[in-house]
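Heads up, the thing below is written out as structure tokens.
2 protein chains.
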Amino acid sequence: MEIIRSNFKINLPKVYQAIEEADFFAIDGEFSGISDGPSVTALTSGFDTPEERYQKLKKHSMDFLLFQFGLCAFKYDHANSKHVTKSFNFYVFPKPFSRSSPDVKFVCQSSSIDFLASQGFDFNKVFCSGIPYLNQEEERQLREQFDEKRSQANGAGALTKCPVTIPEDQKKFIDQVIEKIEGFLQREEKRTLELNPCTGFQRKLIYQTLSWKYPKGIHVETLETDKKERHIVISKVDEEERKRREQEKYAKEQEELNDAVGFSRVIHAIANSGKLVVGHNMLLDVMHTIHQFYCPLPVDLNEFKEMTTCVFPRLLDTKLMASTQPFKDIINNTSLAELEKRLKETPFDPPKVESAEGFPSYDTASEQLHEAGYDAYITGLCFISMANYLGSLLSPPKTCVSARSKLIEPFFNKLFLMRVMDIPYLNLEGPDLQPKRDHVLHVTFPKEWKTSDLYQLFSAFAVNTSKYAESYRIQTYAEYVGKKQESKQVKRKWTEDSWKEVDRKRPHVPGPCYHTNSFTAAGIVGKRTLSPDPREAGVVDRESEGISDPELEQTDYCADPLPEGRKKAKKLKRMKKEFSLAGSASDSPAVLFEVPDTW
Amino acid sequence: MEIIRSNFKINLPKVYQAIEEADFFAIDGEFSGISDGPSVTALTSGFDTPEERYQKLKKHSMDFLLFQFGLCAFKYDHANSKHVTKSFNFYVFPKPFSRSSPDVKFVCQSSSIDFLASQGFDFNKVFCSGIPYLNQEEERQLREQFDEKRSQANGAGALTKCPVTIPEDQKKFIDQVIEKIEGFLQREEKRTLELNPCTGFQRKLIYQTLSWKYPKGIHVETLETDKKERHIVISKVDEEERKRREQEKYAKEQEELNDAVGFSRVIHAIANSGKLVVGHNMLLDVMHTIHQFYCPLPVDLNEFKEMTTCVFPRLLDTKLMASTQPFKDIINNTSLAELEKRLKETPFDPPKVESAEGFPSYDTASEQLHEAGYDAYITGLCFISMANYLGSLLSPPKTCVSARSKLIEPFFNKLFLMRVMDIPYLNLEGPDLQPKRDHVLHVTFPKEWKTSDLYQLFSAFAVNTSKYAESYRIQTYAEYVGKKQESKQVKRKWTEDSWKEVDRKRPHVPGPCYHTNSFTAAGIVGKRTLSPDPREAGVVDRESEGISDPELEQTDYCADPLPEGRKKAKKLKRMKKEFSLAGSASDSPAVLFEVPDTW
Chain S
1 MEIIRSNFKI
11 NLPKVYQAIE
21 EADFFAIDGE
31 FSGISDGPSV
41 TALTSGFDTP
51 EERYQKLKKH
61 SMDFLLFQFG
71 LCAFKYDHAN
81 SKHVTKSFNF
91 YVFPKPFSRS
101 SPDVKFVCQS
111 SSIDFLASQG
121 FDFNKVFCSG
131 IPYLNQEEER
141 QLREQFDEKR
151 SQANGAGALT
161 KCPVTIPEDQ
171 KKFIDQVIEK
181 IEGFLQREEK
191 RTLELNPCTG
201 FQRKLIYQTL
211 SWKYPKGIHV
221 ETLETDKKER
231 HIVISKVDEE
241 ERKRREQEKY
251 AKEQEELNDA
261 VGFSRVIHAI
271 ANSGKLVVGH
281 NMLLDVMHTI
291 HQFYCPLPVD
301 LNEFKEMTTC
311 VFPRLLDTKL
321 MASTQPFKDI
331 INNTSLAELE
341 KRLKETPFDP
351 PKVESAEGFP
361 SYDTASEQLH
371 EAGYDAYITG
381 LCFISMANYL
391 GSLLSPPKTC
401 VSARSKLIEP
411 FFNKLFLMRV
421 MDIPYLNLEG
431 PDLQPKRDHV
441 LHVTFPKEWK
451 TSDLYQLFSA
461 FAVNTSKYAE
471 SYRIQTYAEY
481 VGKKQESKQV
491 KRKWTEDSWK
501 EVDRKRPHVP
511 GPCYHTNSFT
521 AAGIVGKRTL
531 SPDPREAGVV
541 DRESEGISDP
551 ELEQTDYCAD
561 PLPEGRKKAK
571 KLKRMKKEFS
581 LAGSASDSPA
591 VLFEVPDTW
Chain X
1 MEIIRSNFKI
11 NLPKVYQAIE
21 EADFFAIDGE
31 FSGISDGPSV
41 TALTSGFDTP
51 EERYQKLKKH
61 SMDFLLFQFG
71 LCAFKYDHAN
81 SKHVTKSFNF
91 YVFPKPFSRS
101 SPDVKFVCQS
111 SSIDFLASQG
121 FDFNKVFCSG
131 IPYLNQEEER
141 QLREQFDEKR
151 SQANGAGALT
161 KCPVTIPEDQ
171 KKFIDQVIEK
181 IEGFLQREEK
191 RTLELNPCTG
201 FQRKLIYQTL
211 SWKYPKGIHV
221 ETLETDKKER
231 HIVISKVDEE
241 ERKRREQEKY
251 AKEQEELNDA
261 VGFSRVIHAI
271 ANSGKLVVGH
281 NMLLDVMHTI
291 HQFYCPLPVD
301 LNEFKEMTTC
311 VFPRLLDTKL
321 MASTQPFKDI
331 INNTSLAELE
341 KRLKETPFDP
351 PKVESAEGFP
361 SYDTASEQLH
371 EAGYDAYITG
381 LCFISMANYL
391 GSLLSPPKTC
401 VSARSKLIEP
411 FFNKLFLMRV
421 MDIPYLNLEG
431 PDLQPKRDHV
441 LHVTFPKEWK
451 TSDLYQLFSA
461 FAVNTSKYAE
471 SYRIQTYAEY
481 VGKKQESKQV
491 KRKWTEDSWK
501 EVDRKRPHVP
511 GPCYHTNSFT
521 AAGIVGKRTL
531 SPDPREAGVV
541 DRESEGISDP
551 ELEQTDYCAD
561 PLPEGRKKAK
571 KLKRMKKEFS
581 LAGSASDSPA
591 VLFEVPDTW
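From first to last, the protein sequence lines stand for chains S and X.
According to UniProt numbering, the first sequence is numbered sequentially starting from 1.
According to UniProt numbering, the second sequence is numbered sequentially starting from 1.
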């Protein structure tokens with residue numbers, strides 16, 4: 001279901017209902033760009049630490065706009081053993097609410113825009129019809145503005161308890177207004193009086209004067225003429241009428257406020273449900289969602305983790321799941337489109353899915369990839385297939401694994417880290433893995449060099465014979481990190497001395513910027529061996545010993561009709577073994593190349 | 001005529017012809033935003049110097065995209081005494097030419113986007129169908145890339161004159177390729193040989209090896225398979241065939257290059273024509289045009305002036321013209337829409353205009369404002385009306401004044417400066433006006449203060465009695481500028497000491513950033529008295545003495561049938577008088593308020 005500005009309000013109850021009923025959601029975002037630095041591959045390094053990666057994404061990706069948000073709600077229909085979906089495709093745009101509201105600037109990356117254009121993306125739906133939104137701080141400010149306006153109109157506050165100081169040059173003007181009003185109050189037949197348009201400052205003086213002089217009996221409001229000139233209208237009202245009008249106005253303001261908060265209300269509802277939210281390679285989606293609809297991202301990764309688990313208590317990344325045992329060995333390509341295709345084939349079993357009444361259904365054969373609603377939908381399908389596959393390995397097997405099953409708990413709150421060699425995921429619930437990097441070398445080389453030059457370097461010399469040359473440098477990863485820390489400290493000292501001049505402009509970038517290119521010599525580092533944190537593998541451990549604990553699946557709604565097979569137990573054994581490998585990288589040497597260029 | 005990516009190439013000859021024939025052009029641009037700082041009014045100050053204004057616009061506006069460019073070519077039809085127009089509305093977008101070409105990032109400002117959306121702007125025409133372009137440096141780089149590729153393919157260059165060094169691990173691969181080719185060369189019936197897809201590095205090695213081993217008799221090229229895998233195809237060719245193929249390839253590359261340069265070719269043609277280019281409030285249009293289609297703007301205003309007069313030797317700003325005598329007194333509102341309406345009434349005479357055959361005509365009654373092609377069209381109309389009005393003041397009067405008339409020369413190469421109190425224009429051909437600012441006060445005050453507080457301050461105190469208080473400060477403009485210079489010097493010294501850390505990030509921002517709000521107390525500074533530089537007023541001077549010099553209008557094509565009147569001579573006298581006033585501001589006091597906030 002496509003939701004734009006014009007049909008948002010009328011469909012919001014449907015969205016709320018879908019969120020209320022759902023077992024879990026899948027989400028996806030489309031952005032106006034990916035990275036505002038050089039290309040993403042140049043910016044990120046295969047040996048980024050999670051902290052470094054977070055800082056890079058925060059610095060180089062948050063200025064883009066999340067302008068299409070896909071939400072697919074999945075609910076299991078027990079009677080008919082099928083999943084019922086409600087899929088929404090929202091177009092969002094930070095349309096300024098009023099002249100005083102924030103005027104958001106965002107960056108577009110032409111390659112991303114061009115890619116979306118080639119996929120038939122409708123930009124007019126974003127820019128002309130996007131649903132507005134406010135983050136929490138903006139919402140608070142707007143609420144305050146309304147409150148202030150109301151208290152001013154009501155004559156509340158200390159200012160109006162005593163006569164107002166009228167500037168000399170305004171005295172004549174105010175006296176004339178008072179005279180007019182006195183006349184108006186004396187003529188019984190007239191109910192309202194319209195004053196001439198005047199400046200905002202003059203209107204303020206009138207409001208203050210009147211609320212002091214006539215605390216009761218009149219109602220004062222500012223209206224706009226056809227020519228957009230603001231003028232004050234005064235009406236005679238009894239107390240009841242005055243209250244009724246105020247309540248009416250208050251209700252109207254509340255509605256305006258809700259309209260301004262707009263799409264953020266959907267995100268708040270998802271967050272407040274506390275239900276599982278599934279995404280594919282979802283780190284950027286999560287960062288953008290929080291940044292755009294809650295608040296600017298925190299400086300520090302740990303704060304980000306705290307904030308994220310607070311907003312979305314249960315997240316699951318299907319790309320991480322597909323890259324982890326037992327899926328890793330049977331899934332070659334974990335891109336969403338390829339994953340969706342693969343999971344239709346044995347040993348996987350595509351789930352029975354139907355779209356709810358009144359919701360258009362997606363046809364996975366026609367591939368509407370990169371429409372956020374569709375991507376969310378197939379992400380959900382992938383999750384169900386993989387979760388059910390885990391169930392099929394149980395003894396007795398389960399054909400249908402719930403979103404609250406302990407079987408999938410090892411995957412909760414771990415977000416896939418793209419192109420990091422030896423750290424599979426960002427762990428939202430605790431410290432991140434710290435792989436040993438004894439086998440990693442760091443090479444600094446002239447920026448003119450190409451990949452082939454590096455191949456030649458390593459094929460022509462043994463590393464030890466030419467550790468230092470004029471134009472390039474080879475050091476161990478440990479040396480590299482040590483020196484980087486050192487320079488960071490020198491930098492920080494310098495920064496502290498001169499914080500006023502520097503910090504004001506870029507307060508949260510602790511270190512210098514590196515233009516880092518990282519490669520690994522082909523075939524030297526093999527396919528990575530990645531699994532969720534071993535500390536959470538207990539459940540699988542027990543499973544692998546053939547114990548079928550009803551508590552494990554206590555919240556499940558599916559029966560497990562199939563008997564356990566020995567083969568599956570073996571698979572789970574391997575799963576367990578690989579869990580314990582997580583974080584200890586292989587011993588093959590790898591290289592991390594750095595181009596000493598600034599950008 | 002609407003021009004997008006798909007119909008650009010076919011219509012380019014029409015554009016060139018229009019430029020070739022035209023007497024003058026009018027241009028207009030639509031942007032993705034105006035200012036990336038706070039609001040434009042907060043950013044700019046009524047007392048900016050031209051240098052300061054240039055720096056602010058450069059810093060805060062050049063990251064936006066000029067995405068619609070209007071060009072209207074005007075040609076006078078002597079036989080029928082009417083202007084014939086050819087109007088073009090181009091949509092432009094920096095679609096990346098290839099994976100290695102620049103991936104332009106640009107900023108959008110939601111208020112600007114929302115405004116354009118409300119005017120019915122079609123964003124899909126920009127993002128999905130915009131004409132690509134390259135600036136001069138990008139064009140040079142692409143040309144180099146093509147040359148390099150060609151020289152590599154031709155086996156030119158030193159590398160291939162001797163045996164290539166093949167890395168150890170590639171030797172086996174290359175040997176196998178050579179063996180395959182030897183076999184292929186021996187079998188007469190086969191004309192082509194397709195190698196298996198391989199890496200770019202391997203292809204380079206193959207190219208180098210073959211151009212050394214078989215400098216003649218074979219043609220080597222890289223093609224893509226259906227799966228987008230690149231592989232090498234070798235064909236047997238005689239010398240003639242080889243040359244023909246190379247020429248074919250060269251021609252194809254030239255076409256690709258031209259396609260990539262795209263819309264910049266239109267700008268180059270306008271620039272190369274050397275003809276008069278008219279715009280309304282055109283400083284930002286000119287800055288964006290140079291920035292986007294020529295090169296990043298220079299650091300320094302004087303360099304910008306030089307560059308601009310080099311690219312566009314004759315510019316004329318209709319907003320400046322309308323704000324200057326003799327128009328100033330008879331034109332109240334100089335916004336484009338209002339100006340166009342005003343110039344239809346007496347004493348102005350709307351020109352006879354017709355769109356050329358095959359060009360859709362605009363109806364000024366229907367007001368398609370903010371479509372760049374339309375805005376360019378009515379800007380041209382305004383120019384003609386105002387130029388003709390100047391002609392009507394001559395003795396004998398001229399009904400039709402040419403774009404090359406000396407009458408309009410005083411307006412050449414002076415660009416209107418928005419909201420600067422006492423400097424009407426940026427003078428592209430020399431130093432700018434330096435008004436005395438003895439009557440200007442500079443007030444620093446708490447950011448919570450509102451305009452009314454300032455009114456109160458100045459109505460309650462004489463300036464001298466409370467020159468320094470705790471929360472605000474009043475100083476003369478001269479003191480303010482002096483202190484600013486001082487702090488700039490301190491800053492610069494500091495910057496020089498630590499240039500490595502600071503300059504790298506923001507090399508061209510000499511001073512700190514001020515959040516400057518400027519107001520003038522209402523009525524204190526009157527409507528400004530602005531005229532082109534007095535040094536260029538000679539022509540009007542002579543005119544006012546009633547001399548009708550045929551040389552003055554030597555390039556004119558219109559006859560001057562009407563006799564001179566005394567009233568007009570009087571008007572020109574006033575014109576002359578006001579010219580001499582330019583740059584010397586009135587003696588009334590004004591205030592310049594600065595909020596001491598950082599942003």
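By construction, the Cβ of each residue, glycine as well, lies at the ideal position given by its N, Cα and C atoms.
For residue i, write down the residues that DSSP places opposite it in a beta bridge.
i	result
residue 28 of chain X	X/70
residue 192 of chain S	S/235
residue 83 of chain S	S/76 and S/353
residue 108 of chain S	X/106
residue 135 of chain S	According to DSSP, residue 135 of chain S bridges with nothing at all.
residue 2 of chain S	S/89
Residues in its own chain within less than 6 Å of residue i by CB, not counting five upstream and five downstream?
i	result
residue 26 of chain S	72, 278, 376, 379 and 380
residue 408 of chain S	387
residue 313 of chain X	274
residue 3 of chain S	11, 88 and 90
residue 50 of chain S	426 and 432
residue 370 of chain S	119
Within the same chain, show all residues whose beta-carbon is closer than 7 Å to that of residue i, passing over the 5 residues directly before and after it, in chain order.
i	result
residue 372 of chain S	28, 29, 30, 68, 69, 70 and 89
residue 334 of chain X	319, 322 and 323
residue 43 of chain X	35, 37, 56 and 60
residue 18 of chain X	73 and 86
residue 33 of chain X	64, 107, 108, 109 and 112
residue 304 of chain X	54, 297 and 298
residue 356 of chain X	84, 85 and 86
Quick one: what's got a C-beta closer than 8 Å to residue i's C-beta in the same chain, skipping five residues either side?
i	result
residue 283 of chain S	57, 317, 415, 416, 417, 418 and 426
residue 350 of chain X	343, 344, 381 and 385
residue 137 of chain X	295
Compile a chain-ordered list of the residues in the region 114 to 134 of chain S whose CB is closer than 7 Å to at least one CB of chain X. Listed by position along the chain: 114, 117, 122, 123, 124, 127 and 128.
Kindly confirm or deny that the region 291 to 300 of chain X and the region 425 to 438 of chain X touch, where touching means at least three C-beta pairs closer than 8 Å. Short answer: they don't touch.
Selection of the region 92 to 112 of chain X by Cβ proximity to chain S, strictly under 9 Å: Hits within the stretch, in order: 93, 94, 95, 96, 99, 102, 103, 104, 105, 106, 107, 108, 109, 110, 111 and 112.
Which residues, taken in chain order from the region 163 to 174 of chain S, show a beta carbon closer than 7 Å to some beta carbon of chain X? For the region 163 to 174 of chain S, the set of residues with a beta-carbon nearer than 7 Å to any beta-carbon of chain X comprises 167, 168 and 169, in chain order.
Taking Cβ-Cβ distances below 7 Å as the criterion, which residues of the region 276 to 297 of chain X are in contact with chain S? Nothing from the region 276 to 297 of chain X brings a Cβ to less than 7 Å from some Cβ of chain S.
Any C-beta of chain S within less than 9 Å: which residues of the region 435 to 453 of chain X qualify? Under the 9 Å Cβ criterion, the region 435 to 453 of chain X contributes 450, 451 and 452.
Taking only runs that begin and end inside the region 198 to 282 of chain S, name each unbroken alpha helix (DSSP H) of 4 or more residues, in chain order. Counting only runs of at least 4 residues, the region 198 to 282 of chain S fully encloses the following alpha helix (DSSP H) elements, listed from N- to C-terminal order: 200 to 213, 239 to 261 and 264 to 273.
Would the region 352 to 366 of chain X count as touching the region 251 to 264 of chain X if we require 3 or more Cβ pairs under 8 Å? Contact between the region 352 to 366 of chain X and the region 251 to 264 of chain X is absent, with fewer than three C-beta pairs closer than 8 Å.
Kindly confirm or deny that the region 234 to 242 of chain X and the region 189 to 203 of chain X touch, where touching means at least three C-beta pairs closer than 8 Å. Under the 8 Å Cβ criterion, the region 234 to 242 of chain X counts as touching the region 189 to 203 of chain X, having at least three qualifying pairs.
Using 8 Å as the threshold, is the region 138 to 147 of chain S in touch with the region 137 to 152 of chain X, meaning 3 or more CB pairs across them? At 8 Å Cβ cutoff, the stretches do not touch.
4-residue-minimum alpha helix (DSSP H) runs that sit fully inside the region 316 to 390 of chain X, ordered along the chain: Fully contained in the region 316 to 390 of chain X are the following alpha helix (DSSP H) runs of length 4 or more, in chain order: 318 to 322 and 336 to 342.
Segment contact flag, the region 238 to 255 of chain S with the region 93 to 103 of chain S, C-beta cutoff 8 Å, min 3 pairs: At 8 Å Cβ cutoff, the stretches do not touch.
Near-chain S residues of the region 355 to 376 of chain X (beta-carbon distance less than 8 Å), N- to C-terminal order: For the region 355 to 376 of chain X, no residue has a beta-carbon sitting nearer than 8 Å to a beta-carbon of chain S.
Check each residue of the region 179 to 201 of chain X: if its Cβ is closer than 9 Å to any Cβ of chain S, include it; give the result in chain order. Along the region 179 to 201 of chain X, going in chain order, the ones with a CB nearer than 9 Å to a CB of chain S are 199, 200 and 201.
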